[in-house]
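Each residue of the sequence shown is one higher than the one before, starting from 0 at the first, in numbering that gives the first Met the number 0.
Think of the CB as a built atom: it goes at the ideal place given N, C-alpha and C, for glycine as much as any other residue.
If you're wondering where the values come from, they're calculated on a predicted model, not measured in any experiment.
Take a look at the structure below.
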Amino acid sequence: MNKYYLMILLFALSSCQQKFDKNLWSERNDLGMYPNRKSMLDDVVKNHKIKGQSYKQIIELLGKSTGLEDNKLYYNIITDYGWDIDPIYAKDLIITFNRDSIATGFNVKEWKH
């Protein structure tokens, strides 16, 4: 019986994460959201080199960003509006570049309202 529960638990945990696929990463639904990014985020930051890559290489890897401000690229992972017009939760992958357009780091920023 314990093996049965262990198999269910392992299946549930493995289904939460997905290998990075550029086409799925860039896919938007009817609401303009990116439904696949949340499950791919872990693979992107652990298994794909970001730091040290050029701006062009990052765009080739991840596609067009959802925002650009100063020296940072923003990739929206998830935005939750709840039952309101304003977002109540958001998660973004933020990649920082130096003056030579080389990625110097990244972080995942979350906020709740």
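**Q.** With 16 other Cβ atoms within 10 Å as the buried cut-off, status of L61
**A.** Along the sequence shown, one-based indexing puts residue 61 at 62. Classification for L61: buried.
Q. Just checking, does the segment 81-88 make contact with the segment 33-41 on the three C-beta pairs under 8 Å criterion?
A. no
Q: Under 6 Å Cβ to Cβ from I93, same chain only, skipping five residues before and after it: list those, please.
A: Residue 93 sits at position 94 when you count from the first residue of the sequence shown. Result list for I93: K71, Y73, N106, K108, in chain order.
Q: Identify whether D42 lies in helix, strand or coil by the three-state DSSP scheme.
A: Here residue 42 corresponds to residue number 43 of the sequence shown, with the count starting at 1. Of the three classes helix, strand and coil, the one that applies to D42 here is helix, per DSSP.
Q | For K50, the three-state DSSP class (helix, strand or coil) | A | On the sequence shown, position 51 is the one that residue 50 refers to. Correct three-state label for K50: coil.
Q. So, is I58 buried or exposed, given that buried needs 16 or more other C-beta atoms within 10 angstroms?
A. Here residue 58 refers to the residue found at position 59 when the sequence shown is read from its first residue. Exposed is the call here.
(Q) By the three-class DSSP mapping on this structure, what secondary structure does W24 have? (A) Walking along the sequence shown from the start, residue 24 turns up at place 25. W24: helix per DSSP, three-state reduction.
Q: Name, in chain order, the residues that DSSP records as bridge partners for T95.
A: By 1-based counting over the sequence shown, the position of residue 95 is 96. For T95, which the question treats as bridged, DSSP gives the partners K71, G104.
Q. Which residues in the same chain have their Cβ closer than 8 Å to the Cβ of F19, if we skip the five residues on either side of it in sequence?
A. Locating residue 19 in the sequence shown gives position 20, counting from the first residue. Within the same chain, F19 has close Cβ partners M39, D42, V43, N46, H47.
(Q) Can you tell me whether K37 is helix, strand or coil according to DSSP? (A) Start at 1 with the first residue of the sequence shown, and residue 37 comes out as number 38. Here K37 sits in helix by DSSP.
Q.
My output table needs one value for K111: the three-state DSSP class, helix, strand or coil.
A. In the sequence shown, counting from the first residue as 1, residue 111 sits at position 112. Looking at K111 - three-state DSSP - the assignment turns out to be strand.
Q | Residue closest to R27, alpha-carbon to alpha-carbon, out of K50, I76, D69 | A | The count along the sequence shown starts at 1 and reaches residue 27 at position 28. Shortest Cα-Cα distance from R27 to any of K50, I76, D69 involves I76.
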